[in-house]
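This note's numbering puts the first residue of the sequence shown at 1219, with every later residue one more than the last.
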Amino acid sequence: MRLLKDLAAAVFPQRCLVCDRLIEKDRYLCGECEKLRLNYPQRSPTCDICGLRLEKCGCRTRLLYEKAVFPLPYEGKVRASLQKLKFKGYLDKVEGFAALIQTALGERGLTEKIDVITFIPMMKDAEYRRGYNQAQVLAEALAKRTGIPCERLLEKICDTPVQHSLSADMRRGNLLGAYEPPEDKRATVAGKTILVTDDILTTGSTCNEAAKTLLIYGAEAVYCAAAAATPRKEKPEDPES
């Protein structure tokens, strides 16, 4: 078995998840891209939801999920890498992103609190055309790594414009009433702390609607996890200052 693994490593060497540079096996990021990873501070004023320093936090008010984790900022090379996963079928990236999410959950002390992992669903025809749901494959990989069960606890019951095509204000109303638990899974939702996975967290509207639905059906608490999140936009400096 070890020989087969060494042979596979020689034929298919490990590459950085973000920039594709050759790296040591059992790693997912090269030294340069490791600097992009969001390390959660232990001491400093932080956001209760995302855990980042307040000046870096992009969370908005009236969110229904309690915690959110994401290991990378959705910009530059990270954005390009995730778009390959999402739109071009680069499913070899799933394991690496799941590993980084697992580390982020551990840094926040959340892993042991989660009862079940689920994911943001797609309409069946959209999933058929793409061939997969990137949120689902991330959730399944994360479940395998953590030992936490993964179940389809949400279905998308109405078609909506894709979120990335809308403004922030339009995103907040786009998904109202779009999700519902399958009838045979509603008992699974009740009383559970549920982690909802998605590939990208932008305004939080998608996870917020998923959290609202799960809470309506009796979930104890809902956390969200994504491979990356859109960073907070810095306010332009005052030219007079």
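Don't be surprised by glycine CBs; every beta carbon is placed ideally from N, CA and C.
Keep in mind that this is a model prediction, so the values were computed, not measured.
Taking the alpha helix (DSSP H) that residue i falls in, what are its first and last residues?
i: alanine 1316; result: 1312–1326
i: phenylalanine 1305; result: 1294–1306
i: leucine 1360; result: 1352–1364
i: aspartate 1343; result: 1342–1348
i: threonine 1406; result: 1404–1407
i: glutamate 1252; result: 1249–1252
With distance defined between alpha-carbon atoms, name the residue in the options nearest to residue i.
i: isoleucine 1335; options: Glu1325, Thr1364, Thr1431, Ala1344; result: Thr1364
i: serine 1328; options: Met1340, Glu1401, Gly1269; result: The question names serine, but residue 1328 in the sequence shown is leucine. When only C-alpha atoms are compared, the closest one is Gly1269.
i: leucine 1360; options: Lys1374, Arg1278, Thr1424, Gly1324; result: Gly1324
i: asparagine 1351; options: Lys1374, Lys1362, Glu1330, Gly1422; result: Lys1374
i: valine 1287; options: Glu1345, Leu1433, Thr1420, Ala1437; result: Thr1420
i: lysine 1243; options: Pro1231, Asp1343, Leu1432; result: Pro1231
i: aspartate 1478; options: Glu1284, Lys1311, Ser1262, Leu1290; result: With the chain running from 1219 to 1459 in the structure shown, residue 1478 is simply not present.
i: tyrosine 1397; options: Ile1412, Val1440, Met1340; result: Met1340
i: alanine 1408; options: Ala1298, Leu1432, Val1414; result: Leu1432
i: glutamate 1284; options: Lys1274, Ile1267, Arg1278; result: Ile1267
What separation, rounded to the nearest whole angstrom, lies between the Cα atoms of residue i and residue j?
i: proline 1399; j: glutamine 1320; result: 25 Å
i: isoleucine 1241; j: alanine 1405; result: 45 Å
i: alanine 1353; j: lysine 1253; result: 25 Å
i: isoleucine 1332; j: leucine 1282; result: 16 Å
i: asparagine 1426; j: leucine 1300; result: 21 Å
i: leucine 1272; j: arginine 1280; result: 17 Å
i: lysine 1362; j: cysteine 1368; result: 9 Å
i: arginine 1390; j: proline 1263; result: Residue placement at arginine 1390 cannot be trusted, given a pLDDT of 49 that sits under 50; the coordinates are not used to answer.
i: glycine 1422; j: tyrosine 1441; result: 11 Å
i: asparagine 1392; j: lysine 1302; result: Only weak support exists for where asparagine 1392 lies, its pLDDT of 47 falling under 50; the value from the coordinates is given anyway. Rounded to whole angstroms, asparagine 1392 to lysine 1302 spans 25 Å at the Cα level.
i: alanine 1439; j: aspartate 1343; result: 30 Å
i: lysine 1430; j: leucine 1413; result: 13 Å
i: glycine 1436; j: alanine 1298; result: 38 Å
Just to confirm, are residue i and residue j a CB contact at a threshold of 8 Å?
i: valine 1355; j: valine 1296; result: no
i: glycine 1294; j: arginine 1450; result: no
i: alanine 1444; j: aspartate 1417; result: yes
i: arginine 1460; j: lysine 1403; result: Beyond the ends of the chain as shown, which are 1219 and 1459, falls residue 1460; an answer cannot be given.
i: alanine 1446; j: tyrosine 1258; result: no
i: arginine 1255; j: leucine 1309; result: no
i: isoleucine 1338; j: alanine 1428; result: yes
i: threonine 1424; j: alanine 1357; result: no
i: cysteine 1251; j: cysteine 1265; result: no
i: glycine 1349; j: glycine 1307; result: yes
Along the chain, where does the beta strand (DSSP E) that runs through residue i open and close?
i: cysteine 1442; result: 1439–1447
i: leucine 1432; result: No beta strand (DSSP E) contains leucine 1432, which is instead part of the alpha helix (DSSP H) from 1423–1434.
i: valine 1287; result: 1285–1287
i: leucine 1413; result: 1411–1419
i: threonine 1336; result: 1334–1337
Taking Cβ positions only, does residue i come closer than 8 Å to chain B?
i: aspartate 1343; result: Here chain B cannot be found, since the structure has a single protein chain.
Three or more C-beta pairs closer than 8 Å, one from the stretch 1237–1257 and one from the stretch 1314–1334: is that the case here? yes
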